[in-house]
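To start, the structure under review is shown below, and the notes come after it.
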Amino acid sequence: MTRKTWIWLAAGLTVAALAATFVFEPGTRRLIATVAAPPAPTPIGWIAQLEQVAGDGVRGLRDGAAAQARFADPYGLVRSGNGTLYLSDAGDSNRIRMIRPDGSVATVAGSKEGFADGVGTAAAFSTPSGLALDSAGNLYVADTGNHAIRKISKLGAVTTLAGTGIAGYRDGPGAQAQFNGPISVAVDQRGRVFVADTYNDRIRVIQPDGTVSTLAGGDKPGFLDGAAAIARFDTPTALALDAQGLLWVADTRNKALRKVEPDGDVITLTLVPDSEGGNPLYRPSALAIAHDGVMYVGDMLSGLTFQIRPDGNWTVLTGQAQEQRLSLPAAMTLDRDGAVYVTDAASYRVHRIAPAAAQPIASVAGPSPQDPLPFTAGRWPLKPQDGWHEVVGTLGEVRGDGQHESRHHLHGGLDIRGDIGQQVLAIADAKVSNPSSAWGFGNLGEGAALDQISYIHMRVGRTAQGEPIDPARFQSIMDDAGKIERMRLLRGTRFKAGDVLGTINAMAHVHLSLGAAGYERNAISLDFSHYADHYPPRIERIELLDSLAQPLRTKLKGRVLVSRALSGLQIVAEAWDQVDDNLPRRRLGLYALGYQWLDSAGQPLPGYESPRMNIEFNRLPSQADATKTVYAPDSGITVHGSAITRFRYLLTNTVRDGQLSAGLWLPSELQPGDYTLRITARDYSGNEAAANRDLAVTLQ
């Protein structure tokens with residue numbers, strides 16, 4: 001049965017969240033933000049529940065019943081008066097789809113990637129994103145990859161409202177106007193179409209006669225309120241109109257919600273700080289507004305959805321529990337009952353957030369475990385792509401903060417050693433979905449996300465000397481002195497395997513992270529050419545820890561003495577692995593570990609016929625406390641001047657499928673006598689430790 005966590009809400013009121021949510025730097029799992037509860041709770045209202053509307057979590061293209069439907073990149077979303085949901089499906093689909101009130105999914109328009117007007121499937125789109133409906137039932141599409149705004153009539157005829165198909169910035173008649181990767185649209189009662197001209201960092205408006213003008217924003221990204229020409233935005237990706245007809249903007253890179261007055265004046269909504277004194281938003285990407293001014297916001301980095309009042313009070317709707325965490329909430333729309341619909345682009349699903357039913361409805365968030373891996377043909381991200389490279393870090397390894405904390409975070413991917421300045425190459429064909437897919441300019445953690453794979457520890461789009469590599473695909477943002485201050489990767493940009501993505505920075509390795517944030521899979525599953533592991537893991541020692549995390553040291557004839565009166569013990573195994581051709585000093589973490597109790601004759605006890613494999617790093621847990629759930633004290637690099645990492649696994653706790661749970665072994669479950677505690681330590685290649693795997697134990 002699907003597990004659920006519910007959060008009490010008050011319609012239009014703030015309520016304390018049950019737990020903080022932690023935001024990590026993509027791939028590296030370094031904590032970069034904490035979304036905690038607002039300062040004070042308010043009265044109990046209704047319970048939010050995440051329900052599945054359509055999509056089975058596997059990328060693809062399939063119409064039909066909602067539960068079996070497949071999407072490639074479900075992004076924009078709007079609901080009509082009769083309950084039909086229209087959504088844009090980008091990726092390799094490039095279609096406008098609909099979910100009928102009866103739950104069936106069908107294609108409205110589009111059939112391939114391109115730029116063509118026509119009726120239904122004769123039309124072509126390129127990475128369609130935001131959607132809006134006018135009062136006559138016409139559908140408007142922010143056609144991101146075509147740098148255009150398209151219109152679909154009620155009869156399915158697709159025309160180009162504005163944009164030439166070439167990126168640029170130009171006001172004027174629609175046929176001559178230019179945009180740069182528009183991602184969102186909104187239509188008011190007067191028929192004006194507002195456009196989030198995302199990579200021009202402007203808000204544009206198309207009048208009913210087709211004339212395009214700039215409502216607010218300037219010639220470069222920034223964060224300034226004020227008059228239209230003074231105001232600055234940074235990667236605006238979502239628009240919504242309130243009941244008074246005022247335009248609101250999810251200003252993604254500024255972590256802000258901005259209001260644009262009719263004359264273009266811009267005002268930022270001040271949000272109540274969370275209990276840590278911070279901004280609850282990190283990368284707002286989806287926005288909808290109810291008739292009473294209450295806003296609903298999705299954050300693509302934290303995976304949370306929020307309810308935000310006009311006075312800046314807020315509460316988390318979903319995502320505090322891993323079972324309700326979205327991977328990339330891209331768009332939101334409301335129904336007449338106040339329920340919120342949301343597309344989860346990186347999980348290929350559409351969800352509904354509503355008051356819980358008397359009988360909770362089982363729902364699933366995140367991509368399906370059956371979603372196929374990217375096709376890499378065994379390529380490595382370095383030359384030679386079909387040769388061998390040294391693996392220097394695996395998923396789930398313990399990492400410190402470089403200062404005092406040796407168990408700071410879990411390693412989120414696969415590290416491949418390379419030379420500083422060496423080119424980083426794409427290992428699979430990919431299309432960028434995330435509208436803000438490059439991060440950390442100039443920092444050691446700099447990287448970029450291309451579809452399911454993130455490439456980290458590189459100068460994105462730049463040579464070792466900092467010169468642009470591919471200006472057509474990597475957009476340079478310049479400072480006032482004419483120097484590059486940031487690199488952009490536009491949503492819809494395509495790459496081929498082998499394309500140059502950047503150069504290795506001072507970290508001297510490439511970090512590959514596989515899967516959407518919060519749902520990272522083990523990248524070693526990509527089956528790299530000539531990678532081999534014939535070394536069994538090595539177990540250094542096995543210990544039983546008491547309630548103070550101290551090892552039991554009382555021994556008799558080589559056996560550890562354990563009192564059955566003890567309330568509960570932790571089983572710890574210190575183990576590590578190596579792979580073929582790596583440096584002898586290179587210690588790597590394991591893939592799976594478990595334990596088993598044997599009687600004095602060496603036979604498994606009832607319930608232990610097979611090892612209890614509590615630890616399995618098939619997917620990375622996203623919880624901030626995961627490191628200390630998986631690893632015992634003294635794990636990590638704990639000795640000053642030593643580069644040896646100690647992996648001390650807590651086998652009585654559980655980590656699997658991205659989920660965590662704590663546990664203890666109770667000595668009282670066994671009768672007095674002699675036993676053997678056997679550890680199973682396994683690497684991804686299936687090798688198991690054969691030596692030092694047993695601990696002799698006497699229960700008294």
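In full-length UniProt numbering, the protein residues as written are 1 to 700.
We put the CB at the ideal spot given by N, CA and C, even for glycine.
Since the model is a prediction, treat every value here as computed from it, not as a measurement.
6 Å Cβ shell around residue i - same chain, five flanking residues per side excluded
i: Arg656; result: Glu616
i: Tyr390; result: In the sequence as displayed, the identity of residue 390 is Glu instead of Tyr. Around Glu390: Arg417, Asn582.
i: Gln570; result: Leu545, Leu650, Thr652
i: Gly264; result: Leu215, Ala216, Ala228
i: Thr268; result: Asp225, Ala256, Arg258
i: Pro621; result: Val655, Gly658, Leu660
i: Asn200; result: Tyr169, Asn180
i: Asp694; result: Thr676, Arg678
i: Asn692; result: Ile539
i: His640; result: Interpretation of His640 is limited by its pLDDT of 44, a score under 50 that renders its predicted location unreliable; no figure is taken from the coordinates.
Neighbourhood of residue i by C-beta distance below 8 Å, restricted to the same chain and skipping five residues each side
i: Gly114; result: Asn94, Ala124, Phe125, Ser126
i: Asp625; result: Leu660
i: Arg192; result: Val205, Ile206, Gln207, Pro208
i: Ser437; result: Ala448, Ala449, Leu450, Leu489, Arg491
i: Asn82; result: Pro101
i: Tyr684; result: Thr394, Asn522, Ile524, Ser525, Asp533, Tyr591
i: Lys220; result: Asp201, Arg232, Ile477, Met478
Beta-carbon gap between residue i and residue j smaller than 8 Å
i: Ile416; j: Ala497; result: no
i: Ser635; j: Arg407; result: yes
i: Met458; j: Leu414; result: no
i: Asp234; j: Asp251; result: yes
i: Ser368; j: Gly663; result: no
i: Asn146; j: Gly120; result: no
i: Val141; j: Ser80; result: no
i: Arg587; j: Ile644; result: yes
i: Thr503; j: Gly421; result: yes
i: Leu514; j: Val432; result: no
i: Gly461; j: Ile453; result: no
i: Ser104; j: Gly64; result: yes
i: Leu566; j: Pro633; result: no
i: Thr554; j: Leu548; result: no
i: Glu51; j: Ala290; result: no
Under the three-state DSSP convention, the category residue i falls into
i: Gly145; result: helix
i: Ile524; result: helix
i: Gly156; result: coil
i: His640; result: Because His640 carries a pLDDT of 44, less than 50, the predicted location of this residue cannot be relied on, and no value is offered for it.
i: Gln52; result: strand
i: Glu688; result: strand
i: Pro667; result: helix
i: Thr198; result: helix
i: Ser347; result: helix
i: Lys628; result: helix
i: Thr121; result: helix
i: Ala67; result: helix
i: Glu485; result: strand
Own chain, CB closer than 7 Å to residue i, minus 5 neighbours either side, in chain order
i: Leu224; result: Ile230, Ala231, Arg232
i: Phe375; result: Ala428
i: Ala186; result: Ala132, Phe194, Leu239, Ala240, Leu241, Leu247
Cβ distance (whole Å) where residue i is taken to contact residue j below 8 Å
i: His411; j: Gly396; result: 6 Å
i: Arg204; j: Phe179; result: 7 Å
i: Ala157; j: Ala177; result: Not really, about 21 Å apart at Cβ, beyond 8 Å.
i: Ala430; j: Phe495; result: 5 Å
i: Ala90; j: Met98; result: Their Cβ separation, rounded to whole angstroms, is 15 Å, which puts Ala90 and Met98 out of contact at 8 Å.
i: Gln324; j: Ala365; result: 6 Å
i: Gln578; j: Tyr535; result: 4 Å
i: Tyr348; j: Arg70; result: 7 Å
i: Tyr75; j: Ala330; result: 5 Å
i: Gly466; j: Ile484; result: 7 Å
i: Pro537; j: Asn687; result: 7 Å
Those residues which DSSP pairs with residue i across a bridge
i: Ser661; result: Thr654
i: Ser454; result: Ala449, Ser513
i: Arg258; result: Val249, Thr268
i: Gly494; result: Checking the sequence shown, residue 494 turns out to be Arg, not Gly. Answer is Lys431.
i: Val560; result: Lys555, Val697
i: Ala575; result: Ile539
i: Lys220; result: BP columns for Lys220 are empty, so no partner.
i: Gly298; result: Ala286, Thr305
Any non-hydrogen atom of the ligand HEM closer than 7 Å to residue i Cβ
i: Thr463; result: This structure lacks the ligand HEM; in fact it carries no ligand of any kind.
Min CB distance residue i to chain D below 8 Å
i: Val572; result: Among the protein chains of the structure shown there is no chain D, as only one such chain exists.
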